[in-house]
Amino acid sequence: MDSGQSNIGNATSVANYLSLYLGQDQGVRLGESVVVSRKAHARMPAKKIKGQIEILINCDAGKTYLDCMDIDQIVHIDVYHLPGEIDPRVVARAIFWAMEEYFVNEDPQLQYADDVRFEFLSGYAEKIQITTNLGKGLIYDLFQNELKPYTVGEEGHDHVHILARLNRDEYALVYIIAATVEEVILKSGLQLARVRNISHGKQKKMEDDFAKYIKLPWKKFKGQTASFMSPEENVNQLVLKLAEKFGGIEEIEEWMQCYSSNIFKRKGAEYQKKKWGDVDHYVKQLEELDLIQKTPLGRILTKKGLVLQEYVIKHKCELETEIRRNIRKVPGGGSTRFRKFGKSKQKTTHVEFVDYNKTINKGDTTWTGNLAVSQTVIQAVKNGFLRGDEHFSIKKEDLHFYGKKSYIPIDICLLMDASGSMAGEKRQAACYLAQHLLLTGKERVAVVTFQEHSARVVSPFTRSQSVLSKGLATINPGGLTPMASGIMMALDLIKKSRVHNPLLIMITDGIPNAPLWTLDAKGDALAAVANLPAQKIRFICIGVESNAIYMEKLSKSGEGALYLVDDLNKENLINLVRYEKKGIIKE
Amino acid sequence: MLPYAKLERYEGNEALFELVMMSIVSTYDGEPLHIHAEGLRGTGKTTIMRAARDILPTIKRITGCIYNCDPADPHCPHHRNLSAQEIVDLGVEEIPMPFLEISHSAKVGTVAGSIDLAKLTDGRNPEARLLPGIIPQAHRGIIFIDEINRLADTAPEITDILLDVMGTKPGHLQIEEAGLPVVHIKVAVSVWAASNPDEEPGPLEEIRRQLSDRFDMVCYMGRPTSEVVLANILKENSHNTKIHTNNSSNNPGDYEKQHERYTQILLRWAERYNQADLPDFLRNYMARLYVKHNLESIRAIEAMQQGAVLYSTIKDRDQASINDVIHMLPLILKHRLDSDTLIRVINDVDVKSGKESMFSFVNKKPNKPDIAEETEYFKNSGRPLKELKRQELINTEKSLDFQVD
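Just so you know, the protein sequences line up as chains A and B, in that order. Reading the first sequence from the start, the letters are residues 1 to 587 in the numbering used here. Reading the second sequence from the start, the letters are residues 1 to 405 in the numbering used here.
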């Protein structure tokens with residue numbers, strides 16, 4: 001009974017801590033080999049030090065594993081063990097009896113009420129699901145030897161994966177369950193694995209296995225109904241998927257060229273990686289779709305692949321429209337985490353024009369405005385009728401004026417760091433931002449990049465999407481970070497073009513390391529930025545946390561704002577710029 | 001403008017022709033079907049929709065009723081309280097099914113209704129009366145709106161009215177005018193719209209999501225790809241053809257005959273649609289789609305039901321089948337779902353059948369993780385909970401950071 005008492009003591013104390021930490025959306029390590037949270041857990045294979053578990057704070061356990069609608073319903077308990085097999089049925093039974101012991105200890109009355117106790121327990125047995133590398137199921141089912149098979153790749157290969165639907169006041173059970181599972185593991189002759197550390201992070205978007213569900217028309221259909229499907233829809237979607245990754249039709253074409261049988265057009269993996277980031281996943285998907293095949297001379301497009309290539313070229317017009325449509329979409333969620341420092345103090349100028357669709361009756365306030373004659377006459381007739389006028393007359397109350405619309409045009413110049421570190425995803429994200437801004441706004445967009453030892457105007461201020469996308473396609477990151485040259489080039493471009501409320505957005509993940517005037521790259525950039533306020537250029541800087549100190553200095557010197565994000569991805573960039581634009585319009 | 005019968009049909013615009021037919025059939029039976037044609041500029045969206053005016057059937061209304069009151073079911077403020085005999089006394093007339101347009105200079109007054117100026121300024125007997133706008137006048141007919149994305153952007157007030165009118169079937173309209181009592185009327189109007197998502201201000205669903213959802217079906221126009229088709233289109237539009245059609249008196253008559261034939265077919269379909277129903281298993285199937293793919297708007301599955309029955313009707317089939325549903329799916333869902341979900345829904349339908357699913361595991365290649373790296377992930381063994389002191393039980397990310405291995 002002694003161990004039982006301390007068990008309950010531990011369980012309550014654990015429960016208190018759990019309700020505190022889980023309530024803050026955190027996870028904890030319970031003991032040395034158990035991780036508890038209400039989120040999904042993942043390994044961190046990218047890290048050099050093994051044995052860490054990441055708690056994915058953006059993945060609710062219930063939603064991820066059980067398709068629950070509500071969040072925070074499910075407690076996720078992982079008990080890690082060193083390689084070996086664990087029978088879930090044994091685990092289930094052990095948990096069942098341990099729970100019984102716990103409840104009887106808590107409330108000795110239950111000893112004598114068999115049916116109440118059993119009902120109580122089976123209630124819990126239906127709320128707890130166990131997965132090990134030998135199978136899975138609810139405790140209730142496992143108890144009766146009903147076992148669902150374990151599929152490779154699922155949770156549970158190196159741990160006992162338990163999902164329990166528990167309320168806050170039931171968290172004491174977590175300790176009971178964890179301790180019992182550990183006992184079972186040890187009894188099975190296995191060792192517990194020590195979780196070295198836990199960390200909280202967000203799940204990066206899983207790469208979509210589109211090969212699984214996209215069916216190409218030239219793939220043989222077996223289903224009865226297949227022939228009635230619109231096959232082009234699938235091809236279109238496939239191309240759109242590729243466009244999401246590569247940016248545009250031209251870039252898809254260029255990428256497909258890399259797999260043509262003409263050796264002179266092929267470009268190596270290095271080049272691809274620089275431009276588009278990691279393409280392996282896409283190559284694999286296309287292989288699965290039978291569009292690319294391995295040959296002794298490397299991967300080349302299959303016949304079907306060539307058909308696709310031709311399709312892309314032939315339907316460029318429609319596909320580009322669809323791509324633009326996707327770029328216009330505002331990313332959902334908007335859960336961007338960022339830190340903002342400073343604020344730009346430049347004044348904005350409005351553009352006002354008459355709105356001929358809308359007339360307003362100003363009442364008695366004023367006589368001035370753009371008179372809407374027909375509306376005024378109509379109103380005078382109506383009011384005259386109501387007033388009982390003998391003759392037609394226009395009174396002050398009848399006057400109607402055309403409304404006014406005003407908006408703040410903000411011409412945006414994107415200053416993109418195109419140094420080596422920006423290669424891949426970050427480059428794609430910045431290019432996407434440029435296109436999104438052009439397609440969703442009414443203003444002009446320009447792009448300037450800096451790399452190696454100089455800067456370059458990729459696209460001048462334009463409203464034309466083709467000019468912009470052609471320019472963007474030429475960006476190949478690599479080399480040093482000559483920030484000062486970039487800033488001067490952008491400044492020059494803005495000065496030369498007639499722009500409204502210019503907004504200079506600098507996107508960089510590094511700090512300058514190639515100077516312009518002196519030998520001090522950082523100092524030069526600070527000096528260059530200091531020219532911006534005099535030209536009435538709003539300056540915002542989007543950077544990453546690791547360079548916070550320097551970036552802060554830089555934005556201060558340019559009298560601008562600084563946004564720091566954890567990752568330079570599409571959603572973050574778009575959300576930030578939208579936030580900034582909203583701020584400008586509010587002023 | 002080219003007569004309906006003369007329009008060139010090809011793969012890319014076939015869907016729009018079908019939708020136009022379906023909408024007319026449905027409208028004739030009193031159930032609106034809102035359709036929206038999207039596509040590149042110059043692909044003939046507007047042409048086809050406007051030309052459909054040629055084949056519209058006629059409807060019966062109480063003589064002179066500007067609200068197009070159905071003699072069997074009068075709804076307007078003037079006639080709704082009359083007895084059957086009084087309506088018979090008023091008489092019945094046949095008019096072509098209304099086909100009106102909302103243009104970009106439209107105002108709330110012209111669209112919904114305003115005070116009747118002619119009556120008001122009548123020298124002898126001035127009277128304040130309501131003049132119904134385009135929407136109530138198009139009752140039991142069709143309203144066409146070109147460039148609806150721009151209208152939604154520049155005239156939010158009119159968009160709000162449309163939301164009300166298209167929100168339910170039949171829709172609802174409230175007319176307010178200073179000095180007159182508020183009038184509520186029900187309107188059964190099919191709204192047809194055309195837009196180019198690629199031009200300012202962008203696709204409708206980004207401008208007014210609700211309005212985009214109100215459209216039962218969206219048709220994406222394709223460009224003609226065959227040279228023969230293009231050559232034919234050119235020929236129809238050449239000055240030569242135009243002059244000769246205008247001069248010779250025979251040709252127009254031919255078209256009218258053809259249009260008359262179309263109208264007869266439409267009437268036959270309308271009669272059949274009136275009786276048709278969807279089999280229960282298809283209804284369950286749609287319900288499952290809704291639940292499984294987390295569709296948001298129930299309008300989507302309602303449109304599926306209406307669309308499937310209508311499609312089977314215009315294809316001269318006795319009963320709607322699963323193929324009719326599948327055919328309608330992209331038209332119904334493309335503007336409501338993101339492309340990933342759409343493609344999953346579409347491809348979902350054929351997976352289930354027969355052998356393929358049985359043998360599908362053969363083709364499955366699970367991503368086998370690298371076992372060597374796997375097993376080495378945890379290096380040290382851990383102590384069980386029971387051996388730990390109470391203060392060692394709970395560790396957070398921070399407290400673990402301080403521990404050195």
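Positions of the beta carbon are idealized from the N, C-alpha and C atoms, including for glycine.
- At a Cβ-Cβ threshold of 7 Å, residue 130 of chain A and residue 178 of chain A do not count as neighbours.
- Interface annotation, residue 176 of chain B: not in contact with chain A, CB-CB separation never under 7 Å.
- The CB of residue 154 of chain B comes closer than 8 Å to the CB of 357 in chain A, given here in chain order.
- Taken in chain order, the unbroken stretches of beta strand (DSSP E) that lie wholly in the stretch 87-157 of chain A and span 3 residues or more are 128-132, 135-138.
- In the displayed model, residue 161 of chain A falls within a strand according to three-state DSSP.
- In terms of Cβ geometry, residue 112 of chain B and residue 66 of chain B do not form a close pair [threshold 7 Å].
- Straight through space, the alpha carbons of residue 103 of chain B and residue 239 of chain B are spaced by roughly 29 Å.
- In the structure shown, residue 60 of chain A adopts extended strand secondary structure according to DSSP, grouped into three states.
- For residue 384 of chain B, the chain A residues whose Cβ falls inside 9 Å of its Cβ are 31, 32, 33, 179, 182, 183, 185, 186, 192, in order along the chain.
- Around the Cβ of residue 432 of chain A, a 10 Å sphere holds 16 or more other Cβ atoms; the residue is buried.
- In the DSSP assignment, residue 395 of chain B is bridged to A/29.
- Residue pairing by DSSP leaves residue 393 of chain A without any beta bridge partner.
- Between the alpha carbons of residue 184 of chain B and residue 132 of chain B lies a distance of about 11 Å.
- Residues of the stretch 254-266 of chain A with a C-beta less than 8 Å from any C-beta of chain B: none at all.
- Runs of beta strand (DSSP E) with 3 or more residues, each lying fully within the stretch 33-107 of chain B, are found at 35-38, 58-62, 92-96, 99-102, listed in chain order.
- If you check the CB distance, residue 555 of chain A and residue 480 of chain A do not come in under 7 Å.
- Per DSSP, the unbroken alpha helix (DSSP H) holding residue 317 of chain A starts and ends at 316-328.
- When C-alpha distances from residue 393 of chain A are compared across A/405, A/376, A/403, A/409, the shortest belongs to A/376.
- Non-local C-beta neighbours of residue 175 of chain A in its own chain, meaning closer than 8 Å and more than five positions away in sequence, comprise 7, 10, 11, 14, 15, 30, ordered along the chain.
- Residue range 298-314 is occupied by the alpha helix (DSSP H) that includes residue 307 of chain B.
- Scanning chain B for C-beta atoms nearer than 8 Å to the C-beta of residue 507 of chain A yields nothing, as the closest lies near 24 Å away.
- In the three-state reduction of the DSSP assignment, residue 192 of chain B falls in the strand class.
- Secondary structure of residue 301 of chain A (DSSP, three-state): strand.
- Under the three-state reduction of DSSP, residue 217 of chain B is assigned to strand.
- Listed by position along chain A, the residues whose Cβ is nearer than 7 Å to that of residue 381 of chain B are 82, 191, 192, 193, 194.
- Below the 7 Å Cβ cutoff, chain A contributes no neighbours of residue 212 of chain B, its closest Cβ being approximately 12 Å away.
- Between the alpha carbons of residue 151 of chain B and residue 202 of chain B lies a distance of about 12 Å.
- With fewer than 16 other Cβ atoms from the protein chains shown falling within 10 Å of its own Cβ, residue 84 of chain B counts as exposed.
- Remark: C-beta atoms of residue 187 of chain B and residue 171 of chain B approach each other more closely than 7 Å.
- Shortest Cα-Cα distance from residue 499 of chain A to any of A/188, A/287, A/311, A/349 involves A/349.
- At a cut-off of 4 residues, the continuous stretches assigned as alpha helix (DSSP H) that sit fully inside the stretch 225-288 of chain B are 227-237, 239-247, 250-275.
- Bounds of the alpha helix (DSSP H) holding residue 526 of chain A are 521-529.
- For residue 120 of chain B, the closest alpha carbon among the candidates A/23, A/146, A/241, A/379 is that of A/379.
- For residue 200 of chain A, the closest Cβ of chain B is nearer than 7 Å.
- Put simply, the CB of residue 395 of chain B is near chain A, with a gap under 7 Å to one of its CB atoms.
- Closest option to residue 164 of chain A, judged by alpha-carbon separation, among A/150, A/184, A/138, A/144: A/138.
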